[in-house]
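Peer 1: Chains A, B, C, D, E and F are the protein sequences, given in the same order.
If you use numbering that gives the first Met the number 0, the first sequence closes out at 305, no skipped numbers anywhere.
If you use numbering that gives the first Met the number 0, the second sequence closes out at 305, no skipped numbers anywhere.
If you use numbering that gives the first Met the number 0, the third sequence closes out at 305, no skipped numbers anywhere.
If you use numbering that gives the first Met the number 0, the fourth sequence closes out at 305, no skipped numbers anywhere.
If you use numbering that gives the first Met the number 0, the fifth sequence closes out at 305, no skipped numbers anywhere.
If you use numbering that gives the first Met the number 0, the sixth sequence closes out at 305, no skipped numbers anywhere.
Protein chains: 6
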Amino acid sequence: MIRNLRSTIVETVCTVTLIGSSCAFGQLYTFSKQELIDYTAKSPFDRLPDGRPKVPDSMIERARDLSSEEVWAGLHEDSFRNQYADGFQVLHPGKTMVGRAFTVQFMPLRGDVDEISKNKAKENGLSGLTNQTAIDMLQPGDVLVVDLFGKKVDGTIVGDNLFYYVMKATRGGGLVVDGSIRDLDGISRIDMPAYFRTVDPTPIGNVMLTGINIPIRIGGVTVMPGDLVVGDREGVYFIPPQFVREILDRADEIHIHDEWTKMKFDEGRYKSSDIYSSPKDPKLQKEYQEYLKRRLDEIHQQQTSK
Amino acid sequence: MIRNLRSTIVETVCTVTLIGSSCAFGQLYTFSKQELIDYTAKSPFDRLPDGRPKVPDSMIERARDLSSEEVWAGLHEDSFRNQYADGFQVLHPGKTMVGRAFTVQFMPLRGDVDEISKNKAKENGLSGLTNQTAIDMLQPGDVLVVDLFGKKVDGTIVGDNLFYYVMKATRGGGLVVDGSIRDLDGISRIDMPAYFRTVDPTPIGNVMLTGINIPIRIGGVTVMPGDLVVGDREGVYFIPPQFVREILDRADEIHIHDEWTKMKFDEGRYKSSDIYSSPKDPKLQKEYQEYLKRRLDEIHQQQTSK
Amino acid sequence: MIRNLRSTIVETVCTVTLIGSSCAFGQLYTFSKQELIDYTAKSPFDRLPDGRPKVPDSMIERARDLSSEEVWAGLHEDSFRNQYADGFQVLHPGKTMVGRAFTVQFMPLRGDVDEISKNKAKENGLSGLTNQTAIDMLQPGDVLVVDLFGKKVDGTIVGDNLFYYVMKATRGGGLVVDGSIRDLDGISRIDMPAYFRTVDPTPIGNVMLTGINIPIRIGGVTVMPGDLVVGDREGVYFIPPQFVREILDRADEIHIHDEWTKMKFDEGRYKSSDIYSSPKDPKLQKEYQEYLKRRLDEIHQQQTSK
Amino acid sequence: MIRNLRSTIVETVCTVTLIGSSCAFGQLYTFSKQELIDYTAKSPFDRLPDGRPKVPDSMIERARDLSSEEVWAGLHEDSFRNQYADGFQVLHPGKTMVGRAFTVQFMPLRGDVDEISKNKAKENGLSGLTNQTAIDMLQPGDVLVVDLFGKKVDGTIVGDNLFYYVMKATRGGGLVVDGSIRDLDGISRIDMPAYFRTVDPTPIGNVMLTGINIPIRIGGVTVMPGDLVVGDREGVYFIPPQFVREILDRADEIHIHDEWTKMKFDEGRYKSSDIYSSPKDPKLQKEYQEYLKRRLDEIHQQQTSK
Amino acid sequence: MIRNLRSTIVETVCTVTLIGSSCAFGQLYTFSKQELIDYTAKSPFDRLPDGRPKVPDSMIERARDLSSEEVWAGLHEDSFRNQYADGFQVLHPGKTMVGRAFTVQFMPLRGDVDEISKNKAKENGLSGLTNQTAIDMLQPGDVLVVDLFGKKVDGTIVGDNLFYYVMKATRGGGLVVDGSIRDLDGISRIDMPAYFRTVDPTPIGNVMLTGINIPIRIGGVTVMPGDLVVGDREGVYFIPPQFVREILDRADEIHIHDEWTKMKFDEGRYKSSDIYSSPKDPKLQKEYQEYLKRRLDEIHQQQTSK
Amino acid sequence: MIRNLRSTIVETVCTVTLIGSSCAFGQLYTFSKQELIDYTAKSPFDRLPDGRPKVPDSMIERARDLSSEEVWAGLHEDSFRNQYADGFQVLHPGKTMVGRAFTVQFMPLRGDVDEISKNKAKENGLSGLTNQTAIDMLQPGDVLVVDLFGKKVDGTIVGDNLFYYVMKATRGGGLVVDGSIRDLDGISRIDMPAYFRTVDPTPIGNVMLTGINIPIRIGGVTVMPGDLVVGDREGVYFIPPQFVREILDRADEIHIHDEWTKMKFDEGRYKSSDIYSSPKDPKLQKEYQEYLKRRLDEIHQQQTSK
């Protein structure tokens, strides 16, 4: 029930402001629903009420088995080689993070800009412009992705209370912050993946919220709202929606390939180059192809039967 | 003449796009002339055709004597303590940089966004969206301020040819780039101040232009188009226009204060704390006040007579 | 029994040297028992035989539930905002460290000073001046806090033998060293919290012991002997004794606040800002106040009954 | 069986090339079997078919209990103080790594050299010169030690498939790479020790294989093929074979010493300096000597009975 | 005269050792004259007596005007994109360095290997194996390129005495060291370009000389003996000889292009994109082509007449 | 005259406080005149009124020609190998710094300690405890050496006014600060050597003065008041007074040695190892010894005649 409530609120604000031309909450950067739709036009999927592409829940489930290497294999076009970020502390290293990017941007506080932003927010019926303004808009399946420009002191997007709330609101989606968190002891007891640069005891401050669901930069990546976020022990991939299906299908093959490769290594009769990355002997090659086909069929049946 | 030419072009593009609601060149982030005026409403000065506040040329001249400490003294309100950036390589350490911020933002290349941006640029009559798109809009008195997110390889905003052009177009204004430059040997022979993170032989690449004269972040500073940029050996201050006059006046007093202080130290009769930061002895205090008044009068006469 | 033995020794040395004016062991910096008492005069508690404030054992027990954020909340006066240090490797991340600071300082070896220090130590009846000189003075409830100026090679305050001894002598108090340890494999099997910069196989060397229970600097913190040391996954707080009671009481409220907040989030009917950081709706506000009062009463009864 | 197969191959290649004067596979640096034997002449042990000293399996077993400190104690001659490397990420912190160094070196790709190397490799009957060329030569008991000059992107020596193969071929020996690995999620499920600088999703590339079983540099260490590699939570020691027996014997004594020291600390009757590093009281000294002798006898009986 | 003397010595040593199969001085890595010739077979130039390609003196002279960007432009094939190193301190920033790479490699000292190396050196008639062993072989036009693996303390390849000698022997060629130098005050008074990581007062030590004129790694570059080394304010390029002529010719065009571009910018009638990187207007295009041709002719006449 | 004035004040304060037992100004660490004399007892020289060893002015003059290497050569005993610090920005790289260490220590502000310190200062007749308290005590020939624990923001020991005062009071002695300075533009116009970690526009703050002329740590060096400070382009040496004469004498020989070595290199007839570090040929050896004797005589005559 809460989810509907939140959706209603978001849409209301947008409806009001769309009389102008954007879904503006008073933040410095506006990126209207239409602009969001334009810039993510390649997504083959439905959209969330806020305009973000909606990678289907079923694909989010399948993506839980993805590794960074499998995403890399499916995303290695020259103009998409900047979709990976690392250098984070990983809260629960064994737990893959998957979800739709909900982006938030902060910039260093500057009194004149902040005053005007907050006045605009009030005109739009918001009582303030804080991390909670954004957090209150989260949807199930979202990963909260925040640009806090690597800030440590005063750069803590959440403590354990709001982290708990994010977990509830996103149904365990996750958090990526180019900045810090506070209350690590408390947060480490909550079962949601999180990637952060560092930890500090101070609350967030000396910054201003400048964008919600706008394009943001995390490390060397341009993240678009609605990207499929996949995090493992190594780092985080931000996958444009149009690549998701292909990556998942290819990953199925890679899983089978690795399964078979290790099986052959277990036999102890081959050098690594006899088998990997592909078998040299035509007979082995054929054996592999048959194995691949059989296992793919099994997987497809499983997926269909779900 | 060239300047008029360029202004015309800029206005033309804006006129066209203002039929919509912003001065958009196709870049990802738009920040309309009206938004720019709204967010810099506190500026007491005229505006440039592109909407930026125009700190007067006479104040730019006076600002050439400012040091970072004098700006600090005039800008130390709690909500404006983030206006200073350092950690740059300084091209000509003895040469103060002063001018109006012309801001440019790049983000990591991402094929889908880039394609749509460039299509939008074409619809707006631009042949491309590159560093030169922005550089061609520079005005005399500008300092080119560029967010290239600290990028070294492929993050070189200019080589010596374009640096030479920027020098010509801004009349020696200057360059600040959170990124790199190339052709340092050539650039070091050109007489314009520049602040950059590092140097690389590669040309700019693997990025997309995402904003011209939008708010940007340089290190820990939110820079607004039209800020007065002041750079010395230590680093760079970005001064909101509404503070400029007060800082300049206060700096005159600081100059006189330092002049007098050093004169007294030269006499060799006082401990530092007798004189600095203010004289303890009432007689010295009076002497200083008279000196201050006399010198201020002289300075004001000079300024008036110019 | 060992404890009494050790106390006797310490007092003896002090008695002798107090004929002079300080409890000097020959180290370079002396800080007499009287100086220690003077500089920690705000402590409301009893003192240990060596002059350090003695935060009561019962408060040490209560402090085991403190998080860095709770200390931060109680210690955020302007002149006490430097009491937190981080950047350590944490030996047992899930285990809070609490105890009274026993401080030790080393400086880089310098033959002439070292020779004189050691001669003075001999005159005071000590056979040498080493890490063990200090370690032999530890009391139950102490945390050993050591300034080894970040030294890695030759900067290892203990290996597993002495770490084991520190654990026994402090009854599991803990160790903070701005320096390194050796024999991490062995140490990681011992159940005492420890915070260290790094690890090295070399033993301690090329340094001289310059102070025991003197004021020292750990990162950006001035640590006084007898400070309450609280370490969690994030870092270490050094709490002046006069703040301890207030912080503990406030932490009780914060615990209840977080308990209630999460309970409300679990209901799924509220946005985060409806509840956090304080409930907006007067009815909720009242509900919270009643909950707070009831839970505080319960806690106080528990504390009394102990 | 696979092992014999592999040995045969190695010897064949060597036999052929030894007609010249080295066991060259086409790589840039050649280090003939004779040179290897010359430069490791101090080893008292047998040799592997490729010329490396063969520290006996029984000593490898005993070395599993070694800590970095025990190696340090046995290897602290002035001209051997550079045998320790750290700063690695450790895959399985609780699991000691022990084995014989199998060294591999890569250098940055350079088209002209690479072309000639590969031509020479072909003349020697190899189909290429890649990480797998080296990996296919691994023997049981080996630790794969790789100089990839700290490279992250494109510097991944193995992903989970080849890591699995290395585990099978070396019988769980281990991996040290001054470079990166990929597919950390997969690798962390495989039970073999590994030390690496960092992790990246890219496969290895933009490098050329320049040496197999040649002297290489890992951090500040010159590693020779056949060195005994010992890794714990702190870092990795590369022990020249001639020191192995002495270090193992000395470590037995250190184990007993630590055992006894902790036992005495447990009694709670002594200051640390009464006992550590050696007991002061002649009676205790005697007690220790008797304990040492008894325990050493027990250990030797155990070792003999194995 | 000294040069002949030195050449004789080198050849003598080589003659002796060539009875074996390499020009070995006892160092750990040998790289015979024949191997050197094989691996640099693409060089179109004569060779020095030690086998290195000899880029002609006339080309070395022309290369003094090269900038890093011009080398970049001529060396941007995929398999040669690793030929640039930076991150050095530059001794004389305004002075271009040009010369033939004379390579030297050191590795961390290890007593057993060092002993054998030195014995082999003695058998070859050398009294030792030190930095001076290599320095004594330098030829006019050489740049001394040294891998000291970034070592600071004990990693100083020269002080001012040997730096002076290198200057004399190479006729001012230059020095690149991935390591340090000592006596910077003295060295800064000597007129030869130098690139080094850092400075330290210690002399070289705790290392062993492992190769002279072998392939070495400097940062991310594989350097071959005889490469043309070009250093400017930005960093150092190592150019394989086969690319030298083309780069020089192309640089002539780039010089003319920049000359013309700046001339046109001086006219003040064009936007940067009208002119740069190539003129858009066909008339301007033609003007440029004629200018280019005329200036190229002038340059060629100059070069011929020299 | 000012100097006498200052001395008087210092002595007065000391006289008063010596009734207690130390020359205390209220700072946290006290180090009495007697302690200072005890710990520097090896100095063969007179003392300044504050108890510091007074390296004679004539030796300070001779020391202006010292390089770091010459100090290194005279100070390389095992227990004095920690007397060198580097990693500073050097204000005037060509200008050697020489003088007697006047040490000052700051620690992070902590309200309770600061309050007590200031109260004690007041009881001792001082109006406060700030950087100027220390600066007002400087004597001609001093180098101000300050531990500000590397602090950048709020860690600026002086701006241009106080730097000017330090220059006047020390007669151009110099400044070493493990912290920052402000107003670099102004300071760079003042002719006194300075070594600092970094620069910031903020004034000093958030610290407390904890010691004047006490032992302090600068990087890896224990600095004693009265040490001879020698700074060149590389870094700073802190020389215990007892070593000064020997180092100066040895440096004279090194100067002559280098003079002769370069002269021989200029002849072009020798390899570097024929001459350096000492000539091999007995005839050359004799030539050098005669040259050395003659030049030493000349130097001694010069020194005597001064």
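Beta carbons are placed, not taken as given, at the ideal position from N, Cα and C, and that holds for glycine.
Computed from a predicted structure; not experimentally measured.
Please tell me whether A/Leu227 has its Cβ less than 8 angstroms away from any Cβ of chain B.
Peer 2: With 8 angstroms as the cut-off, A/Leu227 does not count as an interface residue toward chain B.
Peer 1: Measure the C-alpha to C-alpha separation of D/Ile203 and D/Thr132 and round it to an integer number of angstroms.
Peer 2: Near 14 angstroms, if we compare the C-alpha coordinates of D/Thr132 and D/Ile203.
Peer 1: To the nearest angstrom, how far is it from the Cα of C/Arg294 to the Cα of A/Ala193?
Peer 2: Their Cα atoms are separated by approximately 31 angstroms.
Peer 1: From C/Ser20 to C/Ser116, what does the alpha carbon distance come to, in whole angstroms?
Peer 2: Confidence in C/Ser20 is poor, its pLDDT being 34 and thus under 50, which makes the residue's placement too unreliable to answer from.
Peer 1: Could you check which residue in B/Asp182, B/Asp177, B/Phe148 has the C-alpha nearest to that of B/Leu161?
Peer 2: Ranking B/Asp182, B/Asp177, B/Phe148 by Cα distance to B/Leu161 puts B/Asp182 first.
Peer 1: To the nearest angstrom, how far is it from the Cα of F/Ser31 to the Cα of C/Ala120?
Peer 2: Whole-angstrom Cα-Cα distance: 18 angstroms.
Peer 1: C/Val103 and C/Val145: beta carbons closer than 8 angstroms?
Peer 2: Taking 8 angstroms as the Cβ cut-off, C/Val103 and C/Val145 qualify as a contacting pair.
Peer 1: List the residues of chain F that E/Tyr163 touches, going by C-beta distances under 7 angstroms, in chain order.
Peer 2: Those within 7 angstroms of E/Tyr163 in chain F are Lys261, Phe264.
Peer 1: Residues of chain H with CB closer than 8 angstroms to the CB of A/Lys167, please, in chain order.
Peer 2: Reference to chain H is not applicable here, since the protein chains of this structure are A, B, C, D, E and F.
Peer 1: For chain D, find out if any of its Cβ atoms is closer than 8 angstroms to the Cβ of C/Thr201; answer yes or no.
Peer 2: At least one chain D Cβ lies under 8 angstroms of C/Thr201.
Peer 1: Could you give the first and the last residue of the continuous beta strand (DSSP E) run that contains A/Phe195?
Peer 2: Looking at the DSSP string, the run of the beta strand (DSSP E) that includes A/Phe195 is 193-198.
Peer 1: Quick one: residues in its chain with C-beta nearer than 8 angstroms to the C-beta of B/Gly93, no 5 flanking neighbours on either side, listed in chain order?
Peer 2: Closer than 8 angstroms at Cβ, skipping near neighbours: Arg232.
Peer 1: Assess, as a yes-or-no matter, whether the region 40-47 of chain D is touched by the region 237-245 of chain D under the definition of 3 or more beta carbon pairs within less than 8 angstroms.
Peer 2: Short answer: they touch.
Peer 1: Within 10 angstroms of the Cβ of A/Leu4, are there 16 or more other Cβ atoms? Answer buried if so, exposed if not.
Peer 2: Only weak support is given to the placement of A/Leu4: the predicted model assigns it a pLDDT of 33, under 50, and the value that follows is read from those uncertain coordinates. That one is exposed.
Peer 1: Taking a contact to mean a Cβ-Cβ separation below 8 angstroms, would you say A/Pro107 touches B/Val220 in this structure?
Peer 2: The answer is yes: Cβ separation under 8 angstroms.
Peer 1: Check the Cβ of B/Met223 against every Cβ in chain A and list those closer than 9 angstroms, keeping chain order.
Peer 2: What B/Met223 touches in chain A: Arg109, Asp111, Val112.
Peer 1: With a cut-off of 8 angstroms, does the C-beta of B/Arg181 fall near any C-beta of chain E?
Peer 2: By this cut-off, B/Arg181 is an interface position.
Peer 1: Select from the region 57-70 of chain A all residues with a C-beta closer than 8 angstroms to any C-beta belonging to chain D, and list them in chain order.
Peer 2: Under the 8 angstroms Cβ criterion, the region 57-70 of chain A contributes Ser66, Ser67, Glu68, Val70.
Peer 1: Do you know how far the Cα of A/Gly110 is from the Cα of A/Ala23?
Peer 2: Bear in mind that the predicted position of A/Ala23 carries a pLDDT of just 48, short of 50, making it unreliable; the figure below should be weighed with that in mind. Their backbone Cα atoms lie some 20 angstroms apart in a straight line.
Peer 1: Which stretch, first to last residue, makes up the beta strand (DSSP E) that contains A/Leu143?
Peer 2: Run containing A/Leu143: 141-146, per the beta strand (DSSP E) assignment.
Peer 1: List the DSSP bridge partners of B/Ser179.
Peer 2: B/Ser179 pairs with B/Thr155, B/Thr197.
Peer 1: Please return the same chain residues whose Cβ sits closer than 7 angstroms to the Cβ of F/Val70, not counting the five positions on each side in sequence.
Peer 2: These residues qualify, in order along the chain: Val229, Tyr236, Ile238, Ile246.
Peer 1: Compare the C-beta of A/Ser187 with all C-beta atoms of chain C and state if any pair is closer than 8 angstroms.
Peer 2: Judged by the 8 angstroms Cβ criterion, A/Ser187 is in contact with chain C.
Peer 1: Sorted by chain position, which residues of the same chain lie with C-beta nearer than 8 angstroms to F/Asp280's C-beta, five sequence neighbours on each side aside?
Peer 2: Closer than 8 angstroms at Cβ, skipping near neighbours: Asp273.
Peer 1: Applying a beta-carbon distance threshold of less than 7 angstroms, which residues of chain C neighbour A/Val198?
Peer 2: What A/Val198 touches in chain C: Glu233.
Peer 1: How many angstroms separate the CA atom of E/Gly306 from the CA atom of D/Asp141?
Peer 2: Residue 306 of chain E falls outside the range modelled here, since chain E spans only 0 to 305, and no answer is possible.
Peer 1: Inspect the beta-carbon positions of D/Gly154 and A/Ser66 and report whether they are closer than 8 angstroms.
Peer 2: No, the Cβ-Cβ distance between D/Gly154 and A/Ser66 is not below 8 angstroms.
Peer 1: Quick check on the burial criterion: 16 or more other C-beta atoms within 10 angstroms. Buried or exposed for D/Val157?
Peer 2: It counts as buried.
Peer 1: Can you tell me whether F/Glu286 is helix, strand or coil according to DSSP?
Peer 2: It is helical.
Peer 1: Between which two residues does the beta strand (DSSP E) containing F/Ile213 stretch?
Peer 2: It is not in any beta strand (DSSP E) - F/Ile213 carries neither H nor E in the DSSP assignment.
Peer 1: Classify A/Ile186 as helix, strand or coil using the three-state DSSP reduction.
Peer 2: Note: A/Ile186 maps to helix in three-state DSSP.
Peer 1: Please state whether DSSP places A/Ala40 in a helix, a strand or coil.
Peer 2: In the structure shown, A/Ala40 sits in coil (DSSP, three-state: anything other than H, G, I, E or B).
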